[in-house]
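S.K.: Before I ask anything, here is the structure I am working with.
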Amino acid sequence: MKRQRVASSIIQSIGYDADRQILQVETCSGNMFTYCHVPLTAWHFLMAAPSKGQFFNQNIKHHYPTR
Numbered sequence: 001m002k003r004q005r006v007a008s009s010i011i012q013s014i015g016y017d018a019d020r021q022i023l024q025v026e027t028c029s030g031n032m033f034t035y036c037h038v039p040l041t042a043w044h045f046l047m048a049a050p051s052k053g054q055f056f057n058q059n060i061k062h063h064y065p066t067r
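All residue numbers for the sequence shown refer to the working numbering, where the first residue is 1 and numbers rise by one.
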């Protein structure tokens, strides 16, 4: 999955596979998290958020299963 670099103090890059509804988040510390069953709209909102880290913490982390 190709990830895009983003402007964030905690997230380095974000990738999304719409067919499989999988979101990958790479943190600035080098950790990689993969979330399942993430709808396309959640990814759009994440990418459009002024604070990607805040949106991630409030709306993605602990809301979708990881693998």
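Beta carbons are placed, not taken as given, at the ideal position from N, Cα and C, and that holds for glycine.
For Ser9, which residues of its own chain have a beta-carbon under 8 angstroms away from its beta-carbon, when the five flanking residues on both sides are left out?
M.R.: Only Cys28, Gly53 meet the Cβ criterion.
S.K.: Could you work out which residue in Tyr16, Phe55, Pro50 is closest to Thr32 when comparing CA atoms only?
M.R.: It is Met, not Thr, that sits at residue 32 in the sequence shown. Closest by alpha carbon: Tyr16.
S.K.: Apply the 10 Å Cβ neighbour rule to Ala18 and answer buried if 16 or more other Cβ atoms are within range, or exposed otherwise.
M.R.: By the 10 Å Cβ count, Ala18 comes out exposed.
S.K.: Count the other CB atoms within 10 Å of the CB of Leu23; is the residue buried (16 or more) or exposed (fewer)?
M.R.: Label assigned to Leu23: buried.
S.K.: From Tyr74 to Thr66, what distance separates their C-alpha atoms?
M.R.: An answer regarding residue 74 cannot be provided, because it is not within the stretch 1 to 67 covered by the chain.
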